[in-house]
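Novice:
Numbering (the numbering used here), first residue to last: 27 to 406.
#1: Entirely within the stretch 63-147 and at least 4 residues each: give me those alpha helix (DSSP H) ranges in chain order.
#2: Between which two residues does the beta strand (DSSP E) carrying residue 206 extend?
#3: What runs of the beta strand (DSSP E), each 3 residues or longer, lie entirely inside the stretch 147-205?
#4: Along the chain, where does the alpha helix (DSSP H) that runs through residue 50 open and close?
#5: Relative to the C-alpha of residue 72, which residue among 81, 54, 91 is closest?
#6: Would you mind sorting residue 58 into buried or exposed? The rule is 16 or more other CB atoms within 10 Å of its CB.
#7: In the structure shown, what three-state DSSP assignment does residue 213 receive?
#8: Under 8 angstroms between the Cβ atoms of residue 156 and residue 135?
#9: What does the Cβ neighbour count give for residue 350, buried or exposed, with the cut at 16 atoms within 10 Å?
#10: What does DSSP give as the partner residues of residue 289 in its beta bridges?
#11: For the beta strand (DSSP E) containing residue 341, list its first residue and its last residue.
#12: For residue 206 versus residue 223, is the C-beta spacing smaller than 8 angstroms?
#13: Helix, strand or coil for residue 312, going by three-state DSSP, please let me know.
#14: Which residues bound the beta strand (DSSP E) around residue 351?
#15: Just grab the DSSP bridge partners of residue 361 for me.
#16: Quick one: residues in its chain with C-beta nearer than 6 angstroms to the C-beta of residue 329, no 5 flanking neighbours on either side, listed in chain order?
#17: Spatial neighbours of residue 392 within its chain, please: C-beta separation below 6 angstroms, excluding the five flanking residues on both sides.
#18: Quick one: using the 10 Å Cβ neighbour count with 16 as the cut-off for buried, is residue 264 buried or exposed?
#19: Taking 8 angstroms as the threshold, find out whether the stretch 43-59 comes into contact with the stretch 174-183 through three or more Cβ pairs.
#20: Grouping DSSP H, G and I as helix and E and B as strand, with all else coil, what is residue 394?
#21: Alpha carbon to alpha carbon, how far is residue 249 from residue 295?
#22: Count the C-beta pairs between the stretch 315-325 and the stretch 338-347 that are closer than 8 angstroms, then say yes if the count reaches three, no if not.
#23: Does DSSP classify residue 356 as helix, strand or coil?
#24: Would you report the Cα separation of residue 169 and residue 129, rounded to the nearest angstrom?
#25: For residue 30, write down the residues that DSSP places opposite it in a beta bridge.
#26: For residue 51, tell me which candidate among 60, 70, 29 has the shortest Cα-Cα distance.
#27: Going by DSSP, what residues sit across from residue 327 in a beta bridge?
#28: Roughly how many angstroms lie between the CA atoms of residue 375 and residue 360, to the nearest whole one?
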């Protein structure tokens, strides 16, 4: 039986060679997040059922659980609201993902070069590596994101890069032919060479580009939730639980709609929707509006319990300039030009940084009201 091999290795050429070796031996790979403390990495490796661990200077065997023939990867989800799940992706799934992306971006393997500068332990970075390997496209892999190193790579021949919004804002995107950007709160007005992607670990990376499903991908909306069919979908979770509904549809857990132009609009996680005074408010729409304000560097929005309203829209803002005073009144006034009144924040916290998971997603469970925010809040 094939094994699951944990790659406890930073991103770089060593990771790429270890991944290829794992596949050549008929095994599946589990990339381990290097930003986790040693004990957390050990627990995660055990949780995923790895039978072998490859580290930079050593290898050792464990009593793990086998994988099935054809399995290529087990990737841990971000775990923003609990323990991460192991997503099992087959060779067929990642090959389909690589082909769909390459076809959509018109990639020429003889002249294009991928830059991977985001963590390979998460699907955004890992899929850059796998699609390069599977399509024979050149690739440069960095161990971590650095704006200067990213731009240097763009100037020296890298033509393609995948980033999150925060990283995208730190570089000159014109240095690359195409920039894929994913995650929540993607700005509306993007440079012409930047592609807004929608996908997740379970889809082996993005399956919708600029609102349009890639070839072979189907999207439907049922009761406000996005459902996906794609040849790149997971086989199952590591505990053999299948997430599929009748007909092979994958429930994304995201709310959305198909607009009049046939494009998918993603509202955000259904479990994060705010109901205030009977109105349904999607945090991502408020976050996008906040991010458009000149004095806001980064923002996150949650719903906190309120006796009068049920929940209130609560904004957490990292200021662009720490010396600039930001008030709830000025924020509501500015947002009132683009949002309905019921969606305006009723509480505002000014913070130095937003709590995040190792994949860079905002850890919204940590944004529930607590003593640590009492000195930075203004309320309507």
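We treat Cβ as the ideally placed atom computed from N, Cα and C, and that holds for glycine.
Specialist: The structure says:
#1: 64-74, 117-130
#2: 204-208
#3: 164-167, 186-190
#4: 39-50
#5: 91
#6: buried
#7: coil
#8: no
#9: exposed
#10: Beta-bridge pairing links residue 289 to no other residue.
#11: 336-345
#12: yes
#13: helix
#14: First-last for residue 351: undefined, no H or E at that position.
#15: None, per the DSSP bridge assignment.
#16: 300, 337
#17: 381
#18: buried
#19: no
#20: coil
#21: 14 angstroms
#22: yes
#23: helix
#24: 27 angstroms
#25: 54
#26: 29
#27: 341
#28: 16 angstroms
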